[in-house]
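Chains as they are written, first to last, in this note's numbering: chain A, 29 to 236; chain B, 159 to 320.
Cβ atoms here follow ideal geometry from the backbone N, Cα and C, with glycine treated the same way.
To start, the structure itself, in structure tokens.
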């Protein structure tokens, strides 16, 4: 039986999880910023316990088209890490990486070519990698991540994947969510979804 | 004026003509639309997992294929629908993030959900008139109680009616 009760996290536990999001996403945002050589702001992370129906609306609208990059986590921490971008943000990100003009941004175009797909996956890989390595350094836990898998779809359909994992143990999803954006075109989310047992490990590794 | 009633994830509802029921972004989840063409009483369930028997915490009956279907039909019968006339159309059960799913079969519940839904429906002798399941993309569905038509919308694909 898990030590922590998702419905009754105390303030300290919330704060620690928020701080994890802060450090992980801070590192990831720095990596992203270096990658595209632009200033990117990170918002204060949120630790949210959400019902299934509130999940997608925590990141916009259910039917918003998002690019989702999913990594499965193994090792001391099991679960998932997701990197979510609105489709226009993904387009702008790819453009800035490949030195293309942004004239194709703003029309929700979902057709990326093979090269652009590969670039998105690589972006996902680099920045989730820096998120996870910061997390691993802090907790001294081993985190092994899978090769990134990419899907462009409705927010609700993408987020149903972590939701289904949580549905096996309850009716809520606990996620550590951090939003980032640059001055204009790029905005997205890092979402860390550890399994319940892994929350125990994370908290106890930090002395809680 | 007809109203469109939203059914969330792990949720179910029924309606009467002229209203519609919709559920947004079915990924690996399955949407089961049930329809009695005479009374036009319509039900929609959005299930996430195949079986309530495999899970300890199973109080949310709308979450599972087996209990979700039984409950939707119970509500429809309560509203005046007749079991022998109820037919089903189903959608969803996609394999999202196919690449990751190949590495961890436990996460790949789309197929299992579809299979469980079909088993339960055949056990209850509810015929499946049409389906749009599997593959690798999300679906938003709307069931129209006036016609029993089941509309399926996906990203980057033409709208489909079954």
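- Message: With a threshold of 6 Å on Cβ separation, who are the neighbours of residue 113 (chain A) within its own chain once the five nearest residues in sequence on each side are excluded?
- Response: A distance below 6 Å between beta-carbons, with the five flanking residues on each side excluded, links residue 113 (chain A) to the following residues of its chain, in chain order: 95 and 216.
- Message: So the candidates are B:320, B:312 and B:301; which of them puts its Cα closest to the Cα of residue 162 (chain B)?
- Response: The residue with the shortest Cα to Cα distance from residue 162 (chain B) is B:301.
- Along the chain, which unbroken stretches of the alpha helix (DSSP H) at least 4 residues long are found entirely within the segment 38-69 of chain A? The segment 38-69 of chain A contains these whole alpha helix (DSSP H) runs: 39-64.
- Rounded distance between the beta-carbons of residue 205 (chain B) and residue 187 (chain B), thought under 8 Å: Indeed, because the Cβ distance is near 6 Å, the residues count as touching under 8 Å.
- Under 9 Å (Cβ pairs) to chain B, residues found in the segment 170-202 of chain A: With the criterion set as a beta carbon lying under 9 Å from some beta carbon of chain B, the members of the segment 170-202 of chain A are 174, 175, 176, 177, 178, 179, 180, 181, 182, 183, 184, 185, 186, 187, 188, 189, 191, 192, 193, 195, 196, 197, 198 and 199, in sequence order.
- Can you name the residues of chain B whose CB is closer than 9 Å to the CB of residue 218 (chain A)? The premise fails here: residue 218 (chain A) is roughly 17 Å from chain B at the closest Cβ pair, so nothing lies under 9 Å.
- Between the C-alpha atoms of residue 224 (chain A) and residue 174 (chain A), what's the straight-line distance to the nearest angstrom? Rounded to the nearest angstrom, the two C-alpha atoms are 19 Å apart.
- Would residue 6 (chain A) count as contacting chain B if we go by Cβ distances under 8 Å? With chain A represented from 29 up to 236, any question about residue 6 (chain A) goes unanswered, as that position is not in the structure.
- Classify residue 181 (chain A) as helix, strand or coil using the three-state DSSP reduction. Note: residue 181 (chain A) maps to strand in three-state DSSP.
- Query: How about residue 313 (chain B): is its C-beta nearer than 8 Å to some C-beta of chain A?
  - Reply: Yes, because at least one Cβ of chain A sits closer than 8 Å to the Cβ of residue 313 (chain B).
- Message: When you compare the segment 75-95 of chain A with the segment 247-257 of chain B, are there three or more beta-carbon pairs, one atom per stretch, that lie closer than 8 Å?
- Response: Here the segment 75-95 of chain A makes no contact with the segment 247-257 of chain B; the two share fewer than three CB pairs at distances below 8 Å.
- Message: Given this structure, state the Cα-to-Cα distance separating residue 122 (chain A) from residue 199 (chain B), to the nearest angstrom.
- Response: Using only the alpha carbons, I get a separation of about 49 Å.
- Item | Residues near residue 155 (chain A) in its chain [Cβ-Cβ closer than 7 Å; skip 5 each side] | Here the set comprises 56, 59, 60 and 111.
- Item | Against chain A: residues of the segment 273-293 of chain B by CB proximity under 7 Å | Answer in chain order: no residues at all.
- Have a look at residue 236 (chain B) and residue 170 (chain B) and give me their C-alpha separation to the nearest angstrom. The alpha-carbon separation between residue 236 (chain B) and residue 170 (chain B) amounts to approximately 15 Å.
- Message: Using a Cβ-Cβ cutoff of less than 6 Å, which residues in the same chain neighbour residue 208 (chain B) once the five nearest sequence positions on both sides are dropped?
- Response: So the list reads 223, 270, 271 and 274, once near-sequence residues are dropped.
- Task: Indicate the three-state DSSP secondary structure (helix, strand or coil) for residue 140 (chain A) in the structure shown.
- Result: Residue 140 (chain A) falls in the coil class under three-state DSSP.
- Query: Is the CB of residue 211 (chain B) under 8 Å away from at least one CB in chain A?
  - Reply: Chain A contact via Cβ: absent.
- So, are the CB atoms of residue 87 (chain A) and residue 99 (chain A) less than 8 Å apart? It is not a contact, given that the beta carbons lie outside the stated cut-off.
- Please determine, among A:204, A:226 and A:235, the residue with the shortest C-alpha to C-alpha distance to residue 73 (chain A). For the set A:204, A:226 and A:235, the Cα lying nearest the Cα of residue 73 (chain A) is the one of A:204.
- Does the Cβ of residue 317 (chain B) have 16 or more other Cβ atoms within 10 Å, making it buried, or fewer, making it exposed? That one is exposed.
- Item | Contacts of residue 138 (chain A) in chain E (Cβ-Cβ under 8 Å) | The displayed structure is made up of protein chains A and B, and chain E is not among them.
- Message: Residues in the same chain with beta-carbon distance under 8 Å from residue 89 (chain A), minus the five sequence neighbours each way, listed in chain order, please.
- Response: The residues are 183.
- Query: In terms of residue numbering, what span does the alpha helix (DSSP H) encompassing residue 268 (chain B) cover?
  - Reply: It spans 268-281 - the alpha helix (DSSP H) in which residue 268 (chain B) sits, taken as one unbroken run.
- Could you please give the first and the last residue of the uninterrupted alpha helix (DSSP H) stretch that includes residue 226 (chain B)? For residue 226 (chain B), the uninterrupted alpha helix (DSSP H) run begins and ends at 223-236, by DSSP.
- Message: Helix, strand or coil for residue 307 (chain B)? Go by DSSP, reduced to three states.
- Response: Three-state result, residue 307 (chain B): coil.
- Are the C-beta atoms of residue 39 (chain A) and some chain B residue less than 8 Å apart? For residue 39 (chain A), no Cβ of chain B is located within less than 8 Å of the residue's own Cβ.
- Apart from the five residues on each side of it in sequence, which residues of its chain come closer than 6 Å, Cβ to Cβ, to residue 164 (chain A)? Excluding its 5 nearest sequence neighbours in each direction, residue 164 (chain A) has C-beta neighbours in its own chain below 6 Å: 171, listed in chain order.
- Query: Could you give the residue range of the alpha helix (DSSP H) that holds residue 228 (chain A)?
  - Reply: Its alpha helix (DSSP H) spans residues 224-233.
- Task: Flag residue 90 (chain A) as yes if its beta-carbon sits less than 8 Å from any beta-carbon of chain B, otherwise no.
- Result: It does; some Cβ of chain B falls within 8 Å.
- Item | Contact set for residue 219 (chain A): own chain, Cβ-Cβ below 6 Å, skip 5 residues either direction | Within the same chain, and ignoring the five residues on either side of residue 219 (chain A) in sequence, the residues whose Cβ sits closer than 6 Å to its Cβ are 110, 203 and 205.
- To the nearest angstrom, report how far apart residue 49 (chain A) and residue 215 (chain B) are at their CA atoms. Answer to the nearest angstrom: the Cα atoms are 29 Å apart.
- Figure out for me which residue from A:65, A:226, A:146 and A:162 has the closest Cα to the Cα of residue 127 (chain A). Closest by C-alpha distance to residue 127 (chain A), out of A:65, A:226, A:146 and A:162, is A:65.
- Item | Contacts around residue 29 (chain A), its chain only, beta-carbon distance under 8 Å, and the 5 residues preceding and following it disregarded | Its pLDDT being 44, under 50, residue 29 (chain A) is placed unreliably by the model, and the measurement read from it follows with that caveat. No residues qualify anywhere along the chain.
- Task: Examine chain A for any beta-carbon lying closer than 8 Å to the beta-carbon of residue 182 (chain B), and answer yes or no.
- Result: With 8 Å as the cut-off, residue 182 (chain B) counts as an interface residue toward chain A.
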